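Engineer:
Number of protein chains: 2
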Amino acid sequence: MAVTLKDVAARAGVSRSAVSRTFTEGASVSVKTRAKVKQAADELGYHPNALASSLTTGRTKLIGLVSNNFHNPIFLEVFDLFTRGLQERGLRPLLVNLSDETDPAASVRMLRQYSVDGVIVASSTLPPSFAEAFKNAGMPVVHSFGRHSRTPDVHVVGIDNAACGRMAADELIRRSYNRVAFLGGPEGATSTQDRARGFLDRLQDHPEIEVGVSYASAYSFEAGRAEMARLLRAVPAEAYFCGDDVLSVGALSAVQEAGLSVPGDIGLIGLNDMEISGWQNIDLTTIRQPLAAIIGASIDLVVTTVEQGMGAPEARLFPCEVIERGTLRPIS
Amino acid sequence: MAVTLKDVAARAGVSRSAVSRTFTEGASVSVKTRAKVKQAADELGYHPNALASSLTTGRTKLIGLVSNNFHNPIFLEVFDLFTRGLQERGLRPLLVNLSDETDPAASVRMLRQYSVDGVIVASSTLPPSFAEAFKNAGMPVVHSFGRHSRTPDVHVVGIDNAACGRMAADELIRRSYNRVAFLGGPEGATSTQDRARGFLDRLQDHPEIEVGVSYASAYSFEAGRAEMARLLRAVPAEAYFCGDDVLSVGALSAVQEAGLSVPGDIGLIGLNDMEISGWQNIDLTTIRQPLAAIIGASIDLVVTTVEQGMGAPEARLFPCEVIERGTLRPIS
DNA sequence: GGTAGTCTTGCAACCGGTTGCAAACTAGAT
DNA sequence: ATCTAGTTTGCAACCGGTTGCAAGACTACC
Chain D
670 MAVTLKDVAA RAGVSRSAVS RTFTEGASVS VKTRAKVKQA ADELGYHPNA
720 LASSLTTGRT KLIGLVSNNF HNPIFLEVFD LFTRGLQERG LRPLLVNLSD
770 ETDPAASVRM LRQYSVDGVI VASSTLPPSF AEAFKNAGMP VVHSFGRHSR
820 TPDVHVVGID NAACGRMAAD ELIRRSYNRV AFLGGPEGAT STQDRARGFL
870 DRLQDHPEIE VGVSYASAYS FEAGRAEMAR LLRAVPAEAY FCGDDVLSVG
920 ALSAVQEAGL SVPGDIGLIG LNDMEISGWQ NIDLTTIRQP LAAIIGASID
970 LVVTTVEQGM GAPEARLFPC EVIERGTLRP IS
Chain X
670 MAVTLKDVAA RAGVSRSAVS RTFTEGASVS VKTRAKVKQA ADELGYHPNA
720 LASSLTTGRT KLIGLVSNNF HNPIFLEVFD LFTRGLQERG LRPLLVNLSD
770 ETDPAASVRM LRQYSVDGVI VASSTLPPSF AEAFKNAGMP VVHSFGRHSR
820 TPDVHVVGID NAACGRMAAD ELIRRSYNRV AFLGGPEGAT STQDRARGFL
870 DRLQDHPEIE VGVSYASAYS FEAGRAEMAR LLRAVPAEAY FCGDDVLSVG
920 ALSAVQEAGL SVPGDIGLIG LNDMEISGWQ NIDLTTIRQP LAAIIGASID
970 LVVTTVEQGM GAPEARLFPC EVIERGTLRP IS
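Heads up: the protein sequence lines correspond to chains D and X, in order. Per our numbering, the first sequence starts with residue 670, numbered consecutively. Per our numbering, the second sequence starts with residue 670, numbered consecutively.
1. Looking at chain X, which residues of the region 690–724 of chain D have a Cβ within less than 8 angstroms of any of its Cβ atoms?
2. For residue 945 of chain D, which residues in chain X fall below 9 angstroms Cβ to Cβ?
3. Hey, does residue 894 of chain D have any beta-carbon neighbour from chain X nearer than 8 angstroms?
4. Going by the beta-carbon positions, is the gap between residue 892 of chain X and residue 886 of chain X smaller than 8 angstroms?
5. What residue from D:788, D:795 and D:938 has the CA that sits closest to residue 974 of chain D's CA?
6. How many Å lie between residue 742 of chain D and residue 811 of chain D at the Cα?
7. At 7 angstroms on the CB atoms, spell out the chain D contacts of residue 761 of chain X, in chain order.
8. Along the chain, where does the alpha helix (DSSP H) that runs through residue 743 of chain X open and close?
9. Comparing C-alpha positions only, which one of D:809, D:833 and D:832 sits nearest to residue 822 of chain D?
10. Beta-carbon of residue 753 of chain X versus every beta-carbon of chain D: anything under 8 angstroms?
11. Expressed to the nearest angstrom, what Euclidean distance is found between the alpha-carbon atoms of residue 795 of chain D and residue 878 of chain X?
12. Going by the beta-carbon positions, is the gap between residue 964 of chain D and residue 750 of chain D smaller than 8 angstroms?
13. Does chain D have any CB closer than 8 angstroms to the CB of residue 941 of chain X?
14. Would you verify that the beta carbon of residue 847 of chain D is, or is not, closer than 8 angstroms to some beta carbon of chain X?
15. Can you find a C-beta in chain D that's less than 8 angstroms from the C-beta of residue 748 of chain X?
16. Taking one C-beta from the region 750–770 of chain X and one from the region 844–852 of chain X each time, how about it: are there three or more such pairs within less than 8 angstroms?
17. Which residues share a DSSP beta bridge with residue 852 of chain X?
18. Smallest Cα separation from residue 765 of chain X: which of X:779, X:771 and X:759?
19. List, in order along the chain, the chain X residues whose C-beta lies closer than 7 angstroms to that of residue 654 of chain D?
20. For a cutoff of 8 angstroms on Cβ pairs, would you count residue 921 of chain X as touching chain D?
21. Can you give the beta carbon distance from residue 1000 of chain D to residue 843 of chain D, rounded, assuming they're within the 8 angstroms contact cut?
22. How about residue 818 of chain X and residue 736 of chain X: are their beta carbons less than 8 angstroms apart?
23. Does residue 729 of chain X have its Cβ less than 8 angstroms from a Cβ in chain D?
24. Scan the region 954–969 of chain X for residues whose Cβ lies nearer than 8 angstroms to a Cβ of chain D and list them as they occur along the chain.
25. What residues match up with residue 762 of chain D in a beta bridge as DSSP calls it?
26. When the Cα atoms are used, what is the spatial distance from residue 876 of chain X to residue 835 of chain X?
27. Go through its chain and collect everything with a Cβ distance to residue 912 of chain D's Cβ below 6 angstroms, but skip five positions before and after it.
28. Following the continuous alpha helix (DSSP H) through residue 990 of chain D, name the residue where it begins and the one where it ends.
29. Along the chain, where does the alpha helix (DSSP H) containing residue 951 of chain X start, and where does it finish?
30. Which first and last residues belong to the beta strand (DSSP E) in which residue 831 of chain X is found?
31. Tell me whether the region 724–739 of chain X and the region 917–925 of chain X touch, counting them as touching only if at least three CB pairs, one residue from each stretch, are closer than 8 angstroms.
32. Using a Cβ distance threshold of 8 angstroms, determine whether the region 979–996 of chain D contacts the region 682–700 of chain X, with at least three qualifying pairs required.
33. From the DSSP output, in three-state form, read off residue 867 of chain X for me.
34. Given 8 angstroms as the limit, is there contact between the region 925–942 of chain X and the region 898–917 of chain X, that is, 3 or more CB pairs closer than that?
35. Grab me the residues of residue 831 of chain D's own chain with a C-beta within less than 6 angstroms of its C-beta, minus the 5 sequence neighbours each way, in chain order.
36. May I have the straight-line CA-CA distance separating residue 720 of chain X from residue 784 of chain D, to the nearest angstrom?
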């Protein structure tokens, strides 16, 4: 059925090696031979089998793309950028969904069986041990959206979550809110921990401002809505920094359902700047993660790790910016 | 670096064939040998290389998952369901993003190079020729969310778009709207054409109702918003059937920006029931596609095609249901 | 103990490529 | 025409597995 090297070789009247070399960058073939081979290949519709060649070259050009975030709309953008970025570099994403997994072992095994060249773990909720499991199995790995650490064990690309927390605090301080709070994602997520830390740190300099902290059970609309509804039953803060846009939208919904207005009664600032946040009927003030830069850097990093081996684990962090829309009151 | 058959064979004191057979379902190995091999394999941390074995077996367990829909939130759910469904069956999704592609040739070549066992084209906007290109290259293929046709050229799984159009029309008729309209996606998308057809067909039975049709330039929030804004500058209909939820939300935004209310001034019914549509601050009345059923059937179909070859092309269509929320006026 | 039938096993060839090596060829210099 | 250096080429071994085949081991039965 499929056309192989041998067929092309026979048709072009050359050896199999000649055909192989014709399709190998930088191999030694004469112009004449190459032309003969090319023509025979075209006539037969031949294309080299990437998997067969991976056997000898040790490269599959397959990159495992591992995530557990299939409910946060931001991840559709993430997948879009990853797949395009990888494709542009001639790499193929092998997608692994570990929504239900708590143990990396199965994924490690699977990606080893497919001899992926490298692995990108794209998640802000998976613990560092996941990425490390891949590293320990000898695979080049990058943790995107992972935790910033001074001494990372694997390459990490993302944002400085604590800095974002401070940025959110500054934004609320500038707008003279007197009672503010952090509405985080799951308490166990490192991203939430770091954002909370930065937020609270900065507010320590302002003892006149009252500060609260609470956590939603997940990074999801429903969790944000439920937590805000709970908060509204007591005396709510004047403004909330939500640990993620999807939480913000949930919170926004709860506030509106309670008959209160945003930003009139309660101010909200999120984090991520997902596409939906810019929709005019959401119009969320938020902190934008430079997604494209993060993903570009993740791919670069995994590629150089594949090519040159892993040097010292690196943390590449990108600065965020406040996107001002309509959910915080204006600066007075 | 990696542990191979040979290493295990040496350690267990058996031939390579024995090791291979130990890991092959239904092969003939004695209990004793199997035990020896298993132990040696465990000690060495051996796992068979899936790609190497694919060379002889002709099966990679790789399924190409091809899409161009990376901006409609519904597709995050789609990817979630596909990846989980494939994983459960021991298959791996190789993701192909052809957002910018107009020509299937490159994707066909690439998926052939990786010897995928089958291909799933998941898109309601790609023309049938894309799926056919894979079929013509000899790959088992299923077009999910593709066009229903009495004589399909490839397997198609999805919904009966014309029936959905009729369903939307019925819903508007039941609510006694006198001036209704279809607000479609891109005019070239088969899904939009069919939905329009069903909608208009049904309304032909009601000559007393005034009917309009217009098209947004894409299945996107912004396109829906722009088109609705344009419509509002003239005399708008009383209720719109939007060809997709993401269009509906855009339209909703435009209506609200114009200072009008939904469903007070204008009614909206969408199609898809994406997660966001259920968010309380969107609360969109819509027609739900049974996503899980469609995706399950797509996987089943591609699997049986891989195993038994492609019989007559089949169209599996699933019924939709109206999800009543808050964007149509109550039945009077 | 002998024999037929069934299991198990290793050999060797093969899947579709790549690559080190040495032979064959080419071109240039003398 | 001869020699040298550099290219091009095919052979054969290899990547990590699978599998048809025939020989060897085992079981059961007479």
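Built from N, CA and C at the ideal position, the CB exists for glycine as well. Keep in mind that this is a model prediction, so the values were computed, not measured.
Structural biologist: On the basis of the coordinates in this document:
1. 716, 717, 718, 719, 720, 721, 723 and 724
2. Your numbering for residue 945 of chain D matches position 276 in the first sequence. Within 9 angstroms Cβ-Cβ: 742, 890, 918 and 945.
3. The residue labelled residue 894 of chain D in the question sits at position 225 within the first sequence. Output row for residue 894 of chain D: interface = yes.
4. Here residue 892 of chain X is taken as the residue at index 223 of the second sequence, counted from 1. Here residue 886 of chain X is taken as the residue at index 217 of the second sequence, counted from 1. Yes, Cβ-Cβ distance for residue 892 of chain X and residue 886 of chain X is below 8 angstroms.
5. Here residue 974 of chain D refers to the residue found at position 305 when the first sequence is read from its first residue. When only C-alpha atoms are compared, the closest one is D:788.
6. As a first step, residue 742 of chain D must be located in the first sequence, where it is residue number 73. As a first step, residue 811 of chain D must be located in the first sequence, where it is residue number 142. Computed Cα separation, rounded: 22 angstroms.
7. The residue labelled residue 761 of chain X in the question sits at position 92 within the second sequence. Those within 7 angstroms of residue 761 of chain X in chain D are 763 and 783.
8. Looking up residue 743 of chain X in the second sequence gives position 74. Where residue 743 of chain X is concerned, the enclosing alpha helix (DSSP H) stretches over 743–757.
9. On the first sequence, position 153 is the one that residue 822 of chain D refers to. Of D:809, D:833 and D:832, the residue nearest in Cα terms is D:809.
10. Numbered from 1 along the second sequence, position 84 holds the residue referred to as residue 753 of chain X. Cβ-Cβ to chain D under 8 angstroms: yes for residue 753 of chain X.
11. Sequence index remark: in the first sequence, residue 795 of chain D carries index 126 (1-based). Sequence index remark: in the second sequence, residue 878 of chain X carries index 209 (1-based). Near 55 angstroms, if we compare the C-alpha coordinates of residue 878 of chain X and residue 795 of chain D.
12. Start at 1 with the first residue of the first sequence, and residue 964 of chain D comes out as number 295. Start at 1 with the first residue of the first sequence, and residue 750 of chain D comes out as number 81. Contact flag set, yes.
13. Working through the second sequence from its first residue, we reach residue 941 of chain X at position 272. No - not a single Cβ of chain D is within 8 angstroms of the one on residue 941 of chain X.
14. Locating residue 847 of chain D in the first sequence gives position 178, counting from the first residue. No, no contact with chain X.
15. Here residue 748 of chain X refers to the residue found at position 79 of the second sequence. It does: the Cβ of residue 748 of chain X has a partner Cβ on chain D nearer than 8 angstroms.
16. no
17. Position 183 of the second sequence, counted from the first residue, corresponds to residue 852 of chain X. DSSP lists X:883 and X:911 as partners of residue 852 of chain X.
18. Within the second sequence, numbered from 1, the residue matching residue 765 of chain X stands at position 96. For residue 765 of chain X, the nearest C-alpha among the options comes from X:779.
19. This structure cannot settle anything about residue 654 of chain D, because the visible part of chain D is limited to 670 through 1001.
20. Translated into positions along the second sequence, residue 921 of chain X becomes position 252. Judged by the 8 angstroms Cβ criterion, residue 921 of chain X is in contact with chain D.
21. Looking up residue 1000 of chain D in the first sequence gives position 331. Looking up residue 843 of chain D in the first sequence gives position 174. Indeed, because the Cβ distance is near 6 angstroms, the residues count as touching under 8 angstroms.
22. By 1-based counting over the second sequence, the position of residue 818 of chain X is 149. By 1-based counting over the second sequence, the position of residue 736 of chain X is 67. No, Cβ-Cβ distance for residue 818 of chain X and residue 736 of chain X is not below 8 angstroms.
23. Against the second sequence, residue 729 of chain X aligns to sequence position 60. With 8 angstroms as the cut-off, residue 729 of chain X counts as an interface residue toward chain D.
24. none
25. Sequence index remark: in the first sequence, residue 762 of chain D carries index 93 (1-based). Paired residue(s): D:732.
26. Counting from 1 along the second sequence, the entry for residue 876 of chain X is found at position 207. Counting from 1 along the second sequence, the entry for residue 835 of chain X is found at position 166. Rounded to the nearest angstrom, the two C-alpha atoms are 15 angstroms apart.
27. Translated into positions along the first sequence, residue 912 of chain D becomes position 243. Excluding residues within five positions, the ones whose Cβ falls inside 6 angstroms are 853, 854, 861 and 864.
28. Counting from one through the first sequence, the residue named residue 990 of chain D turns up at place 321. Segment 990–992 is the beta strand (DSSP E) holding residue 990 of chain D; no alpha helix (DSSP H) there.
29. If you number the second sequence from 1, residue 951 of chain X lands on position 282. Per DSSP, residue 951 of chain X belongs to no alpha helix (DSSP H) and is neither H nor E.
30. Within the second sequence, numbered from 1, the residue matching residue 831 of chain X stands at position 162. That residue, residue 831 of chain X, is in no beta strand (DSSP E); its alpha helix (DSSP H) goes 830–843.
31. no
32. no
33. As a working mapping, residue 867 of chain X is identified with position 198 in the second sequence. If DSSP states are grouped into helix, strand and coil, residue 867 of chain X belongs with the helices.
34. yes
35. Translated into the one-based positions of the first sequence, residue 831 of chain D becomes position 162. Excluding sequence neighbours, residue 831 of chain D sits near 863, 866 and 867.
36. For the purposes of this step, residue 720 of chain X is taken as residue 51 along the second sequence, with counting starting at 1. For the purposes of this step, residue 784 of chain D is taken as residue 115 along the first sequence, with counting starting at 1. So the two alpha carbons sit approximately 8 angstroms from each other.
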